[in-house]
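Our numbering applies: residue 2 is where the sequence shown begins, and numbers increase by one.
Don't be surprised by glycine CBs; every beta carbon is placed ideally from N, CA and C.
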Amino acid sequence: GDLPAYSYTPPYTDGMKLIEPEWFKWSQEKRNEEAKKLLAEAGYSADKPLTFNLLYNTSESHQRIAIAASSMWKKNLGVEAKLQNQEWKTMLDAMHTHNFDAVRYAWIADYDDAATFLNNFRTGDSENTSQYSNPAYDEALRNAAKASDTTARGKFYQQAEDLLGQDVPAIPVYHYVRTHLVKPWVGGFTPDKLGYYYTKDMYIKKH
């Protein structure tokens with residue numbers, strides 16, 4: 002049930018009406034062709050393939066995704082992604098010392114607003130693992146913080162997402178979703194995006 006991602010911010014985040022980029026509707030074949038063009042422009046070819054290490058922390062699901070990604074890159078583009086597995090704390094050390102080529106990472110919101118995701122790419126932010134820096138991006142987030150209403154704030158967040166889409170300091174893969182198994186006679190259960198549920202609001206219906 003997880004959602005394929007075209008943005009860093011999940012589309013169900015409060016105050017966001019994200020615009021899907023054009024490429025999100027492309028076929029896989031068209032995406033592969035565009036990727037080959039970009040690789041050629043960057044100086045890579047069959048004789049000189051792009052090679053890098055893909056770091057991920059120990060987890061069966063993370064391993065499956067890493068294997069799938071490296072396999073797709075190799076098959077479709079000739080890219081050599083060498084898998085590098087580390088325990089969580091060791092990987093965090095590698096991330097914080099920037100001792101990696103590419104790393105699998107995830108972020109879960111602290112609060113229901115795009116800033117909890119987008120702040121991770123501000124210049125100098127402690128969570129800015131990619132060391133991304135773009136003055137226009139920083140300005141968009143400052144403007145969002147000063148916006149007087151949700152609509153205006155959402156427009157600045159969209160500007161920030163557009164810049165991430167152009168510069169690509171990270172490759173969004175998918176957004177988490179929550180799944181619930183609830184008996185039909187449980188009343189007062191309200192799904193919450195942050196996973197907060199209060200049993201004081203719940204009750205058993207007559208059945």
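Residue i - DSSP class collapsed to helix/strand/coil
i	result
F157	helix
L19	coil
N135	coil
T59	coil
G189	coil
I109	coil
K76	helix
E35	helix
L84	strand
F122	helix
T130	coil
L4	strand
F25	helix
T180	coil
I172	coil
N54	strand
Cβ pair residue i, residue j closer than 9 Å
i	j	result
F190	Y198	yes
G79	A103	no
K194	D3	no
D114	T124	no
L142	A107	no
R32	A67	no
W27	E35	yes
K206	P185	yes
F53	E23	no
H176	Y13	yes
Classification of residue i by the beta-carbon crowding that lies within 10 angstroms, buried from 16 upward
i	result
Q159	buried
F25	exposed
R65	exposed
S8	buried
A70	buried
T91	exposed
T152	exposed
L165	buried
T180	exposed
T98	exposed
T200	exposed
Whole-angstrom C-beta distance between residue j and residue i, which should lie under 8 Å
i	j	result
F118	Y133	With 8 Å as the limit, F118 and Y133 do not qualify as a contact, their Cβ atoms being about 13 Å apart.
L55	K83	7 Å
V178	M203	Going by Cβ atoms, the distance from V178 to M203 rounds to 22 Å, so no, they are not a contact pair.
P173	A6	4 Å
W89	N58	5 Å
A110	F101	With 8 Å as the limit, A110 and F101 do not qualify as a contact, their Cβ atoms being about 24 Å apart.
A145	R154	5 Å
S131	P170	4 Å
L40	L51	6 Å
Beta strand (DSSP E) segment containing residue i, residue limits
i	result
A95	It is not in any beta strand (DSSP E) - A95 instead sits in the alpha helix (DSSP H) that spans W89 to H97.
First through last residue of the alpha helix (DSSP H) which encompasses residue i
i	result
F118	A116 to L119
CB contact check: residue i to chain C, cutoff 9 Å
i	result
E81	Of the protein chains in this structure there is only one, and it is not chain C.
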